[in-house]
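Student: Pasting a structure below so you can have a look.
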Amino acid sequence: MPDLRVIISGGGTGGHIFPAIAIANAVKKLNPSTEFLFVGAKGKMEMEKVPAAGYKIVGLWISGIQRSLQPSNLMFPFKVVSSLAKALKIVLKFKPHVAIGVGGYASGPLLYAANLANIPTLIQEQNSYPGITNRILAKKANKICVAYENLSTYFPKDKLMLTGNPVRENVIDIKGKKEKGLKYFGISSGKPTILVVGGSQGARSINIAINEGLQLLSDDGVQVIWQCGKHYYKKAIDSVGNSQNPNIKVYEFITRMDLAYAVADIVVSRAGASTVSELCIIGKPSILVPLPTAAEDHQTKNCIELVKKEAAILVKDHESKEKLVDQMLMLTNDENKKRSLSQNITKLALRDSADKIAKEVLLLAKVD
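In structure tokens:
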């Protein structure tokens, strides 16, 4: 195989990092001699997660602008200049055949530098509503891989390719794992099970809603696997202990998400791009509570795309305390609705996304 050098930039959240790693793994599968360099933002989670996956990463001094008036915003122009200079230095030294941007603070400076150096660029846009950085970068990008249809409003149509979002393969591998999952979580096969997740850090509004609705859940006899995050864990444990409800299983973080998906009859979650892609593939009936403070409210827009196709239920964040548990119980007791949601969300699944993107990377690099 010919030598190939690939830079992958972006991060900030698991929704950017895990697709980036999946793309790297897929390229490596096609061309094992590929040399990778990841570029992230200093202090963000990619600086830990990428090396843990076996790849080298360097960090840029870059962050976003705070919506509220913060003294840190005064540093933003200096961070941009510093990051652009360092990104150009990285590109000229590493000499990549292709530069990939997956979203996040580091994508902008790195892909801009790659464009200046005439390096082919590929953007992987995960959401139904692209952020402003990708809309700017798209003008000079060679290929734009997307997870939703009808994005020609924001991107040049001739550059678009519908690939879907790369997902964590170990997470969606749920076939034949239900019995193992029941034992792992210590729950019964004879009761409906709801998986509640709010991302790796938990989701405050979802946690409050579940905490307020513990008695209702107990009365209805449902089982709940509740990933509440580090900051809410003690409160959740205390509340569940006080309620004396053995059907509520509380976790700070679920390491075996495949087993959690395998046993779940319903999933309650935020509406990040990676999560939505996973839910489409596993085909579980879902209630989504979009994070309203996500950039340009993209989670709500992701969710609306599913709701249009009757593939998920939307509960607004500010209404979750009053409505979420009621919706959970209503769906638990409505077999037809569950079946319909499952069928409709499965139709939206786009599989083998990382492999499709990897092939485009090799084409851009002119490597067979």
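Using my numbering, you'd call the opening residue of the sequence shown number 1108 and step up by one each time. Ideal Cβ placement from N, Cα and C applies to all residues, glycine included. Here the structure is a predicted model, which means the values were calculated and not measured.
1) Which residue wins for smallest C-alpha separation from Asn-1479, given the options Val-1274, Met-1437, Glu-1417?
2) Pair every Cβ in the region 1229–1237 with every Cβ in the region 1257–1276, then say whether three or more of these pairs are closer than 8 Å.
3) If you follow the beta strand (DSSP E) that Thr-1300 is in, where does it begin and where does it stop?
4) If you draw a straight line from the alpha carbon of Ala-1148 to that of Val-1209, how long is it in whole angstroms?
5) Within 10 Å of its beta-carbon, does Asn-1241 have 16 or more other beta-carbons around it, so buried, or fewer, so exposed?
6) Would you decide whether Gln-1330 is buried or exposed? Buried here means 16 or more other CB atoms lie within 10 Å of its CB.
7) Which residues in the same chain have their Cβ closer than 8 Å to the Cβ of Asp-1424, if we skip the five residues on either side of it in sequence?
8) Looking at the secondary structure, which residues open and close the alpha helix (DSSP H) in which Glu-1319 lies?
9) From Met-1364 to Ser-1170, what does the alpha carbon distance come to, in whole angstroms?
10) Would you tell me roughly how many angstroms separate the C-alpha atoms of Lys-1454 and Glu-1429, rounded to the nearest one?
11) In whole angstroms, what separates the C-alpha of Ala-1220 from that of Val-1146?
12) Sorted by chain position, which residues of the same chain lie with C-beta nearer than 6 Å to Tyr-1340's C-beta, five sequence neighbours on each side aside?
13) Going by DSSP, what residue range makes up the alpha helix (DSSP H) through Lys-1156?
14) Mapping the DSSP letters down to three states, classify Ala-1343 as helix, strand or coil.
15) By DSSP's criteria, Ser-1376 is part of a beta bridge. Which residues make up the other side?
16) Please identify the residue among Pro-1126, Ile-1315, Ile-1243 whose C-alpha is closest to the C-alpha of Val-1278.
17) Between which two residues does the beta strand (DSSP E) holding Gly-1166 run?
18) Taking the alpha-carbon positions, what's the Ala-1367 to Ile-1230 distance?
19) When you compare only the Cα positions, how much space is there between Ala-1319 and Ala-1224?
20) Which term fits Arg-1377, buried or exposed, when burial requires 16 or more other beta carbons within 10 angstroms of its beta carbon?
21) Please say whether Ala-1245 and Lys-1216 have beta carbons closer to each other than 8 Å?
22) Can you check the region 1190–1256 for any beta strand (DSSP E) of at least 3 residues that lies completely inside it and give the ranges in chain order?
23) For Glu-1412, count neighbouring Cβ atoms within 10 angstroms of its own Cβ and tell me buried if that reaches 16, exposed if not.
24) Specify the secondary structure class of Leu-1111 as computed by DSSP and reduced to three states.
25) Does Trp-1351 come out as helix, strand or coil in the three-state DSSP assignment?
26) Where Ala-1122 and Asn-1354 are concerned, what is the direct C-alpha to C-alpha distance, given to the nearest angstrom?
27) Under 8 Å, do Leu-1469 and Leu-1137 count as touching if we go by C-beta distance?
28) Can you tell me where the beta strand (DSSP E) with Val-1331 in it begins and where it stops?
29) What separation, rounded to the nearest whole angstrom, lies between the Cα atoms of Trp-1333 and Val-1432?
30) On the criterion of 16 or more Cβ atoms from any shown chain inside 10 Å, does Thr-1141 qualify as buried, or is it exposed?
Tutor: In short, the structure shows the following:
1) The first residue shown for the chain is 1108 and the last is 1475, placing residue 1479 beyond what the model contains.
2) Contact holds between the region 1229–1237 and the region 1257–1276, because three or more Cβ pairs, one in each stretch, are under 8 Å apart.
3) Taking the sequence shown and counting its residues from 1, one reaches residue 1300 at position 193. It spans 1300–1303 - the beta strand (DSSP E) in which Thr-1300 sits, taken as one unbroken run.
4) In the sequence shown, residue 1148 corresponds to position 41, counting from 1. In the sequence shown, residue 1209 corresponds to position 102, counting from 1. In a straight line, the C-alpha of Ala-1148 is about 13 Å away from that of Val-1209.
5) Position 134 of the sequence shown, counted from the start, is the residue given in the question as residue 1241. Sixteen is the threshold: when 16 or more other Cβ atoms of the shown chains lie within 10 Å of the Cβ of Asn-1241, as they do, the residue is buried.
6) Along the sequence shown, one-based indexing puts residue 1330 at 223. So Gln-1330 counts as buried.
7) Here residue 1424 corresponds to residue number 317 of the sequence shown, with the count starting at 1. The residues Ser-1312, Val-1396, Pro-1397, Leu-1398, Pro-1399, in chain order, have a CB closer than 8 Å to that of Asp-1424 in the same chain once the five nearest residues on each side in sequence are set aside.
8) Position 212 of the sequence shown, counting from 1, holds the residue named residue 1319. Glu-1319: member of the alpha helix (DSSP H) spanning 1311–1319, first to last residue.
9) Here residue 1364 refers to the residue found at position 257 when the sequence shown is read from its first residue. Here residue 1170 refers to the residue found at position 63 when the sequence shown is read from its first residue. Rounded to whole angstroms, Met-1364 to Ser-1170 spans 30 Å at the Cα level.
10) For the purposes of this step, residue 1454 is identified with residue 347 of the sequence shown, where counting begins at 1. For the purposes of this step, residue 1429 is identified with residue 322 of the sequence shown, where counting begins at 1. Approximately 31 Å, taken between the alpha carbons.
11) Position 113 of the sequence shown, counted from the first residue, corresponds to residue 1220. Position 39 of the sequence shown, counted from the first residue, corresponds to residue 1146. When the Cα atoms are used, Ala-1220 and Val-1146 turn out to be separated by approximately 12 Å.
12) Position 233 of the sequence shown, counted from the start, is the residue given in the question as residue 1340. Excluding positions up to five away in sequence, the list reads Glu-1359.
13) Here residue 1156 is taken as the residue at index 49 of the sequence shown, counted from 1. Element bounds for Lys-1156: 1153–1159.
14) The sequence position of residue 1343 within the sequence shown is 236, counting from 1. DSSP places Ala-1343 in helix when its eight states are reduced to three.
15) One-based indexing of the sequence shown puts residue 1376 at position 269. Residue pairing by DSSP puts Ser-1376 in a beta bridge opposite Leu-1395.
16) In the sequence shown, the residue the question calls residue 1278 occupies position 171. Residue Pro-1126 is the option with its Cα nearest to Val-1278.
17) One-based indexing of the sequence shown puts residue 1166 at position 59. Annotation for Gly-1166: the continuous beta strand (DSSP E) segment containing it runs 1164–1167.
18) Residue 1367 sits at position 260 when you count from the first residue of the sequence shown. Residue 1230 sits at position 123 when you count from the first residue of the sequence shown. The alpha-carbon atoms of Ala-1367 and Ile-1230 are separated by roughly 31 Å.
19) To locate residue 1319, count along the sequence shown from 1; it is residue 212. To locate residue 1224, count along the sequence shown from 1; it is residue 117. Checking the sequence shown, residue 1319 turns out to be Glu, not Ala. Straight-line spacing of the CA atoms in Glu-1319 and Ala-1224 works out to 55 Å.
20) Locating residue 1377 in the sequence shown gives position 270, counting from the first residue. By the neighbour-count rule (16 or more Cβ atoms within 10 Å), Arg-1377 is buried.
21) Sequence index remark: in the sequence shown, residue 1216 carries index 109 (1-based). Sequence index remark: in the sequence shown, residue 1245 carries index 138 (1-based). The sequence shown places Pro at residue 1216, rather than the Lys named in the question. Cβ distance not < 8 Å, so Pro-1216 and Ala-1245 don't count as in contact.
22) Counting whole runs of 3 or more residues, the region 1190–1256 contains the beta strand (DSSP E) stretches 1205–1208, 1228–1232, 1250–1253.
23) Looking up residue 1412 in the sequence shown gives position 305. Buried, since its Cβ has 16 or more Cβ neighbours within 10 Å.
24) Working through the sequence shown from its first residue, we reach residue 1111 at position 4. Leu-1111: coil per DSSP, three-state reduction.
25) Against the sequence shown, residue 1351 aligns to sequence position 244. It should be pointed out that residue 1351 corresponds to Gln in this sequence rather than to Trp. Coil at Gln-1351, not helix or strand.
26) Here residue 1122 refers to the residue found at position 15 of the sequence shown. Here residue 1354 refers to the residue found at position 247 of the sequence shown. Per the sequence presented here, residue 1122 reads as Gly, with Ala not at that position. C-alpha of Gly-1122 to C-alpha of Asn-1354: approximately 30 Å in a straight line.
27) As a first step, residue 1469 must be located in the sequence shown, where it is residue number 362. As a first step, residue 1137 must be located in the sequence shown, where it is residue number 30. Yes, these two residues count as a Cβ contact at 8 Å.
28) Against the sequence shown, residue 1331 aligns to sequence position 224. For Val-1331, the enclosing beta strand (DSSP E) covers residues 1330–1334.
29) Position 226 of the sequence shown, counting from 1, holds the residue named residue 1333. Position 325 of the sequence shown, counting from 1, holds the residue named residue 1432. Looking at the backbone, the Cα of Trp-1333 and that of Val-1432 are separated by about 13 Å.
30) Taking the sequence shown and counting its residues from 1, the one referred to as residue 1141 is at position 34. Per the 10 Å Cβ criterion, buried.
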